[in-house]
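Enquirer: In terms of the working numbering, the first sequence opens at residue 36 and continues consecutively. Built from N, CA and C at the ideal position, the CB exists for glycine as well.
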Amino acid sequence: MCGRFTLRANPAELVEIFELTRLPEISPRYNIAPTQPVLVVRLDRGFRVPSLLRWGLVPHWAKDLSIGARAINARSETVHEKPMFRQAFERRRCLIPADGYYEWIPGEEGGKRQPLFHHLADDRPFAFAGLWDSWDSLEGETVETCTILTTTPNDVVAQFHDRMPVILPEDHWTTWLSSSESSGADIRGLLVPADPTGWKITPVGFAVNRATCEGPVCLSVPSNTPQTPPGQFNFDA
DNA sequence: CCAGACGTTGTT
DNA sequence: GTCTGG
DNA sequence: CCAGACGTTGTT
DNA sequence: GTCTGG
Numbered sequence: 036m037c038g039r040f041t042l043r044a045n046p047a048e049l050v051e052i053f054e055l056t057r058l059p060e061i062s063p064r065y066n067i068a069p070t071q072p073v074l075v076v077r078l079d080r081g082f083r084v085p086s087l088l089r090w091g092l093v094p095h096w097a098k099d100l101s102i103g104a105r106a107i108n109a110r111s112e113t114v115h116e117k118p119m120f121r122q123a124f125e126r127r128r129c130l131i132p133a134d135g136y137y138e139w140i141p142g143e144e145g146g147k148r149q150p151l152f153h154h155l156a157d158d159r160p161f162a163f164a165g166l167w168d169s170w171d172s173l174e175g176e177t178v179e180t181c182t183i184l185t186t187t188p189n190d191v192v193a194q195f196h197d198r199m200p201v202i203l204p205e206d207h208w209t210t211w212l213s214s215s216e217s218s219g220a221d222i223r224g225l226l227v228p229a230d231p232t233g234w235k236i237t238p239v240g241f242a243v244n245r246a247t248c249e250g251p252v253c254l255s256v257p258s259n260t261p262q263t264p265p266g267q268f269n270f271d272a
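1) Taking only runs of the beta strand (DSSP E) that begin and end inside the segment 80-130, which ones reach a length of at least 3 residues, in chain order?
2) Under three-state DSSP, which class holds H207?
3) Under a Cβ-count criterion, where at least 16 other Cβ atoms within 10 Å of its own Cβ denotes burial, should F161 be classed as buried or exposed?
4) Any contact of the segment 102-111 with the segment 138-157, i.e. 3+ C-beta pairs under 8 Å?
5) Just how far apart, CA to CA, sit H133 and T180?
6) Do the segment 230-244 and the segment 52-59 touch if we need at least three Cβ pairs shorter than 8 Å?
7) State the Cα-Cα distance for the pair R39 and G91, rounded to the nearest angstrom.
8) What first and last residue would you give for the beta strand (DSSP E) that runs through I67?
9) Would L100 pass as a contact of V227 if the rule is Cβ separation under 8 Å?
10) State the Cα-Cα distance for the pair V114 and F120, rounded to the nearest angstrom.
11) Beta-carbon separation of I131 and I61 under 8 Å?
12) Considering Cα atoms alone, identify which of P59, M36, I67, E51 is closest to L42.
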């Protein structure tokens, strides 16, 4: 799963890391939520072009946008055969830059679920494996949308969750974006759990729960509320 | 044939 | 409980 | 993902 | 659009 994430990096840094054709028009984000605009990287005539797409894939045949709210993730195990994702998987793959993501675990004593922040120790941006589609309303408005692929967790994430987003290593970005007639198996082979090396997992406060909450406060841990000792969740794999 | 679904995660 | 909105 | 609504008629 | 269920 992956229902919230961060992208705090500045546009120039993203141009360098993802080899973009131009600066993406974004501000630092600490709480990117479903239905909001998401930065995606797509291949256009051989160039990596940044765009902002609505999060939650809406297939071209949908009657309205509402189906997208339940299509923020796509299972990598079945994405090649599901009617909703198959064509996008074959022809409309993208990278979704991020530099952290949130997952929730059951709270103690039946309390509220506890958000955990997953990120690289140096906070370097990484890339989710994504798909996109284009939808036209009856009024003729075109809306481009995207989804993030999920897979089984690696050994570290498995302590907390049954699923994790597909995070592509940099040397697979070009293959994922390519529209060449590479066999589906080649592409599917990229959809594996990320190596946990270099990742950290930290509990954060409940501010992030509110989709409209934005800014560094989303990563803060209220000192007045006792939290589970952070050490229990810190991994330097 | 037509009608209806088409998706994911976790369920405190 | 289930759906919609962000 | 979580938060918040979830309904109708008629109008302060 | 495409697939499944009846």
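Expert: Answer, in terms of the structure:
1) 82-90, 108-110
2) helix
3) buried
4) no
5) Rather than His, the amino acid found at residue 133 in this sequence is Ala. Whole-angstrom Cα-Cα distance: 17 Å.
6) no
7) 12 Å
8) 64-67
9) no
10) 6 Å
11) no
12) I67
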